[in-house]
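Beneath this line is the structure, given in structure tokens, with notes to follow.
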Amino acid sequence: MNKNIHYYFSLIHFQIDDLDIHLVLPQTWQAIDLYHAIAHDRESLGKWLPWAYNMKSSADEAKFIKTIQANMVQERMIVLTILVNGEPCGMIDLHNLITSQKGEIGYWLSSKYQGRGIMTKSVREVCKYAFSELNLKYVDLIVAVKNGKSARVAQNADFKLMGIKDNLIHNHSMAGKIFRKINSN
Numbered sequence: 058m059n060k061n062i063h064y065y066f067s068l069i070h071f072q073i074d075d076l077d078i079h080l081v082l083p084q085t086w087q088a089i090d091l092y093h094a095i096a097h098d099r100e101s102l103g104k105w106l107p108w109a110y111n112m113k114s115s116a117d118e119a120k121f122i123k124t125i126q127a128n129m130v131q132e133r134m135i136v137l138t139i140l141v142n143g144e145p146c147g148m149i150d151l152h153n154l155i156t157s158q159k160g161e162i163g164y165w166l167s168s169k170y171q172g173r174g175i176m177t178k179s180v181r182e183v184c185k186y187a188f189s190e191l192n193l194k195y196v197d198l199i200v201a202v203k204n205g206k207s208a209r210v211a212q213n214a215d216f217k218l219m220g221i222k223d224n225l226i227h228n229h230s231m232a233g234k235i236f237r238k239i240n241s242n
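Just so we're aligned, residue 58 is where the sequence shown starts under the numbering used here, counting upward by one.
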């Protein structure tokens, strides 16, 4: 990775211990590092995020980044790359946006950085942005019933469990827990 790149489009920045975390607008130069993280964690990611099996090269990741850039311009979603000490190692997004109403949050993070509070803090910060800048009334986080790590992220980020629904995720093949965080302003 080129350590001399300056991140002009950093939306959110925070520190956790010795880790410098930036949530930045996705750019195609990030594709190689993101692809390597996906390839390394393909089985664990694919268990919850089936798209991981379709990501076969950094070119696929670059194409995905171009697609989400177009969707962001059309205000369909907001996607941010998670940089840890300058290294692209995951993504977080707000999707299914309904202006001034609601959105859903999704994310993934390289196993190299899991268990350090990065995702919980990222979710909290993206929710702050959603509430203060987008004026959303609530944000949902939908988690596979058996995905304990993501359920803990939701709980640690102060989401409340609203219920469980069968056939909710993965093309209606898996039950999901619906967590919600309500804008308190």
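Every residue gets a Cβ at the ideal spot worked out from N, C-alpha and C, and that includes glycine.
Cβ-Cβ distance between residue i and residue j below 8 Å
i: Y186; j: I73; result: no
i: I226; j: A201; result: yes
i: H79; j: L140; result: yes
i: Q87; j: P145; result: yes
i: I162; j: V136; result: no
i: T138; j: V81; result: yes
i: P83; j: Q131; result: no
i: M218; j: V183; result: Position check: residue 218 holds Leu in this sequence, whereas Met was assumed. No.
i: D98; j: S189; result: no
i: K178; j: F66; result: no
i: R133; j: L154; result: yes
Residue environment, residue i, which counts as buried when at least 16 other CB atoms sit within 10 Å
i: D268; result: Since the first and last residues shown for the chain are 58 and 242, residue 268 lies out of range.
i: N59; result: Residue placement at N59 is flagged as unreliable, the pLDDT there being 46, under the threshold of 50; the coordinate-derived value follows with that caveat. With fewer than 16 Cβ atoms within 10 Å of its Cβ, N59 is classed as exposed.
i: G172; result: exposed
i: Y164; result: buried
i: I149; result: buried
i: D75; result: exposed
i: S241; result: exposed
i: F236; result: buried
i: D90; result: buried
i: E118; result: buried
i: G147; result: buried
i: K113; result: exposed
Helix, strand or coil at residue i according to DSSP, with G and I counted as helix
i: G205; result: helix
i: I145; result: According to the sequence displayed, residue 145 carries Pro and not Ile. The answer is strand: DSSP assigns P145 an E or B state.
i: S114; result: coil
i: D150; result: strand
i: G160; result: strand
i: L91; result: helix
i: R173; result: coil
i: M129; result: helix
i: L102; result: helix
i: N224; result: strand
i: A214; result: coil
Whole-angstrom C-beta distance between residue j and residue i, which should lie under 8 Å
i: I221; j: A232; result: 6 Å
i: L193; j: S157; result: 7 Å
i: W105; j: N204; result: 5 Å
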